[in-house]
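A.B. asks:
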Amino acid sequence: MATDQAAGVLDAQIAESLRPKRPLYVTVWNLVRQNPLGVFGLLIVVGLVIVAVFAPLIAPHDVGTLETSAQVKADPSWSNLFGTDHLGRDMFSRVVFGARISLMVGFLAVGGGTAIALVLGIISGYAGGAIDNVIQRAVDTAIAFPGLLLLLILAQVLGPSVQTVILAVGIFIIFPVTRVVRGAVLSERNNQYVEAARAIGASTPRILFQHIAPNIVALAIIIATTLLGTAILAEAALSFLGLGIPVPNPSWGTDVAEARNHLPLHIWWAFFPGAAITLTVLAFNLLGDSLRDVFDPRLRGRL
Amino acid sequence: MQAYIIRRLITGVFILFILSLVVFLLLRIAPGDPANLRCGLDCPPERRAAIHAALGLDKPYFPISIDFTRASVVAFSGDSQYGSWMVDVVTGDLGVSTFNGQPVLDALKQRLPVTLELLIITMLVTVAAGIPFGIISALFRNSPPDFAVRIVAVLWLAVPSFWIATLVLFIPLELWGYAPPLGRTVDFFDNPWDNLRQFIPPAIVLGLASAAGVMRLTRSSLLEVMRTDYIRTAQSKGLRDTVVVGRHALKNSLIPVVTVIGLQVSALLGGTVIIEQIFALPGLGQYILQSLIVKDFPVVQTMTLYAGVAVVLMNLLVDISYAWLDPRIRYA
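Just so you know, the sequences run in chain order A and B. At position 7 of the first sequence (counting the first as 1) the number is 11 in my numbering, and the numbers step up by one without a gap. At position 1 of the second sequence (counting the first as 1) the number is -7 in my numbering, and the numbers step up by one without a gap.
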């Protein structure tokens, strides 16, 4: 083993010395040229994360307190970039704070769901037999079902709150990911490196988590990125239907619903939160697509 | 093939059984008492008990219940909530709404045609927009039309349908004072024009995402087929491009597309909940949503189970048609 590792290090050093020396900006430029859309998506995602983290610094007005002097349902202007809602609250500030809720729900639901799905999928794919059967029939049941309905029932049963939405969307994520992970494990477990590990007496958990899991994590990250868009859309749809993020919170979906409920419709009030959802989902989809193209072209069409 | 279909049907029944258990239990752990809807929060206990008895909520949940606190651990009961629901489902008795006492069957008769028409027009929109543009995109790869189609597709996948629906409904109203007929639907055979005015906007909005998916799949599938040996053979024989694409490439490239179109029915069923609500179409999606919001749980559990049946059957049909379209596929 030790000599193997030494050889590996040596190989890496040789490879490094043979690689043409390029300044960093050339590498970056090549990446941008080959994946312009992916880089565009990444930049938007980074921008959104910054907006979400520094929301209190970016938002010019308070999202909750009502300013009695403010104009109700105002058009966009310099003091209210995105106009105001029926209570005179600044929509730009609400959209900025909405990024917090959307990204938080997206990252927590997808992160948690994917982590559970990784464990379930690895167990299911590696154990086979009865355990595999039970897990796969559960996945069949969940998939044989209009996802939004399941989400709606879960959200209604648990009562509307941020935690509920994260939990419901997270559960919704587990099933399809479990299936993809299981498929990947099935194709990994017959590889020679797994056989070699077993031959030198590695225990099953060691084979699973030390040898197979690293080969699946890249796949999981790609799926997770693609699903982030789906999760954010699901949160927005739930909130729009009144079963997601409860009212005073600045959620994009809830704000579109609020705009629709206060007729006559003030177009700008409905426009900006929805545009923010579109931009966010678009960014995650573009990023996910190009991650997939770069790391695993075989996945084309399977997701 | 027959053995395969039978096995799939058995699995389907099993899946629906699990689904029924999950929905049944989920709706029973939900907070809130249906009796509140009938006589308010400060309902006297005896009225409350009477309402529970009328709705069958005083019965045990399952035919077999296990009680660890008593000596006789297992109790059997011929008259349980789950048992009588299953008997009703199998005998086709859909029950009545606990909210307004309307028989579910009546609601179903009124609302199913609305949802079916919406789904059919949506599928037409999906196919009519998705397949031709996917073909154009693949044949003129990396040209301006291809980029245009791909950008539109990736945008459509990202746009929330409820937002576009809201804008589609209200912008013409603001600008020109135009609104499609809302609420009660007009029968297609009485007045096709009004009927289509009512159904086409929601169908287009509902079909955006699925059309984008079909577009992308058609493109990648056709590109893959165009790289195969038999297409090169056809081209080197000197066949015209239209014949190579029309007679040889398209047929094979559309097989996966047909499958995906079938599978999208499940997603569209979920989408109808939102779209019917916004466009005030009295269909099944709206019915489920409204029943869920007023906690009319018997309706919700029955309708979800039937939605599950529809999806299971649809998936089976898709798999069968897959084998029929592509004779290389054999199910054992």
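Built from N, CA and C at the ideal position, the CB exists for glycine as well. Predicted model only: the values in this text are computed from it and were never measured.
(1) Tell whether a beta-carbon distance below 8 Å holds between Ile127(B) and Thr210(B).
(2) Enumerated in chain order, which unbroken segments of the alpha helix (DSSP H) with a length of 4 residues or greater are wholly contained in the stretch 233 to 311 of chain B?
(3) What number of angstroms, rounded off, separates the C-alpha of Gly87(B) from the C-alpha of Val250(B)?
(4) Looking at the structure shown, is Ile2(B) part of a helix, part of a strand, or coil, going by DSSP?
(5) Per the DSSP calculation, Pro95(B) is bridged to which residue(s)?
(6) Starting from Phe162(B) and walking both ways along the alpha helix (DSSP H), at which residues does that stretch end?
(7) Helix or strand or just coil, what does DSSP make of Ile56(B)?
(8) In chain order, what residues of the same chain have a beta carbon less than 8 Å from the beta carbon of Gln403(B), not counting five sequence neighbours either side?
(9) With a threshold of 8 Å between beta-carbons, can Asn289(A) be considered close to chain B, or not?
(10) Can you pull the chain A neighbours of Ser258(B), defined as C-beta to C-beta under 7 Å?
(11) Near Leu13(B), which residues of its chain fall below 7 Å by C-beta distance, leaving aside the five closest residues on each side in sequence?
(12) Cβ closer than 7 Å: which chain A residues qualify as neighbours of Ala22(B)?
(13) Is the closest heavy atom of the ligand FMN to the C-beta of Ser228(B) under 7 Å?
(14) Once the 5 residues before and after Arg104(A) are set aside, which same chain residues still bring their CB inside 7 Å of it?
(15) If the cut is a Cβ gap below 8 Å, which residues of chain B does Ile216(A) touch?
(16) Which bits of chain B does Ala241(A) rub up against, with CB to CB less than 7 Å?
(17) Between the stretch 42 to 52 of chain A and the stretch 287 to 296 of chain A, do at least 3 Cβ pairs fall closer than 8 Å?
(18) Going along the chain, which residues of the stretch 255 to 276 of chain A sit with their C-beta nearer than 9 Å to a C-beta in chain B?
(19) Would you kindly check if the distance between the Cβ of Trp256(A) and the Cβ of Gly51(A) is under 8 Å?
(20) Evaluate the contact criterion for the stretch 255 to 271 of chain B versus the stretch 141 to 159 of chain A: three or more CB pairs, one atom per stretch, below 8 Å.
(21) What's the gap between the Cα of Leu165(A) and the Cα of Leu171(A)?
(22) Report the start-end ranges of each beta strand (DSSP E) in the stretch 198 to 243 of chain A that is 3 residues or longer and not cut off at the edges.
(23) Consult DSSP for Asp94(A) and reduce its assignment to one of helix, strand or coil.
(24) With a CB to CB cut of under 8 Å and the five nearest residues on each side skipped, what residues in its chain are close to Lys51(B)?
(25) Measuring alpha carbon to alpha carbon, tell me which residue in Thr294(B), Arg320(B) and Val303(B) is nearest Thr83(B).
(26) Contact criterion: CB-CB distance below 8 Å. Does Thr145(A) meet it with respect to chain B?
(27) Taking 8 Å as the CB-CB limit, is Ile7(B) close to chain A?
(28) Quick one, which of Asn39(A), Ile126(A), Gly110(A) and Leu28(A) has its alpha-carbon nearest Pro209(A)'s?
(29) Cβ closer than 7 Å: which chain B residues qualify as neighbours of Val285(A)?
(30) Excluding five sequence neighbours on each side, which residues of the same chain lie with their C-beta closer than 6 Å to the C-beta of Ala235(A)?
(31) Could you tell me which of Val189(A), Met95(A) and Gln167(A) sits nearest to Gly132(A), measuring between CA atoms?
(32) What does the Cβ neighbour count give for Pro136(B), buried or exposed, with the cut at 16 atoms within 10 Å?
(33) Look at the alpha carbon of Val5(B) and the alpha carbon of Tyr298(B), and state the distance between them as a whole number of angstroms.
(34) Would you mind telling me which residues of chain B sit closer than 7 Å to Gly233(A), beta carbon to beta carbon, in chain order?
(35) Quick check: the stretch 198 to 207 of chain B against the stretch 110 to 118 of chain B, are there 3 or more CB pairs under 8 Å?
(36) Please confirm whether Phe54(B) and Val286(B) have their CB atoms less than 8 Å apart.
C.D. replies: If we stick to the structure as given:
(1) For Ile127(B) and Thr210(B), yes; Cβs fall inside 8 Å.
(2) 242 to 270 and 276 to 285
(3) 37 Å
(4) helix
(5) Val88(B)
(6) Ser153 to Trp168
(7) strand
(8) Since the first and last residues shown for chain B are -7 and 324, residue 403(B) lies out of range.
(9) yes
(10) Within 7 Å of the CB of Ser258(B), the CB atoms of chain A belong to Pro150, in sequence order along the chain.
(11) none
(12) Neighbours of Ala22(B) on chain A, chain order: Gln160 and Val161.
(13) The ligand FMN is not among the ligands present in this structure, which contains no ligands whatsoever.
(14) Ala56 and Ala59
(15) Those do not exist, as Ile216(A) stays about 28 Å from chain B at its closest Cβ, beyond 8 Å.
(16) Simply Pro152, Phe154 and Ile266.
(17) yes
(18) Trp256, Gly257, Val260, Ala261, Ala263, Arg264, Leu267, Pro268, Leu269, Ile271, Ala274 and Phe275
(19) no
(20) Short answer: they touch.
(21) For clarity, residue 165(A) is Ser in the given sequence; the question names Leu instead. In a straight line, the C-alpha of Ser165(A) is about 10 Å away from that of Leu171(A).
(22) Taking only runs of at least 3 residues, no beta strand (DSSP E) segment lies wholly in the stretch 198 to 243 of chain A.
(23) DSSP, reduced to helix, strand and coil, places Asp94(A) within a strand of the structure shown.
(24) The answer, listed in chain order, is Ser69, Asp71, Ser72, Gln73 and Ser76.
(25) Thr294(B)
(26) Interface residue, yes.
(27) yes
(28) Pro209(A) has its Cα closest to that of Ile126(A), out of Asn39(A), Ile126(A), Gly110(A) and Leu28(A).
(29) Under the 7 Å cutoff, chain B gives Ala150.
(30) Gly110, Ala113, Val114 and Val173.
(31) Looking from the CA of Gly132(A), the closest CA among Val189(A), Met95(A) and Gln167(A) belongs to Val189(A).
(32) exposed
(33) 12 Å
(34) Ala150
(35) yes
(36) no
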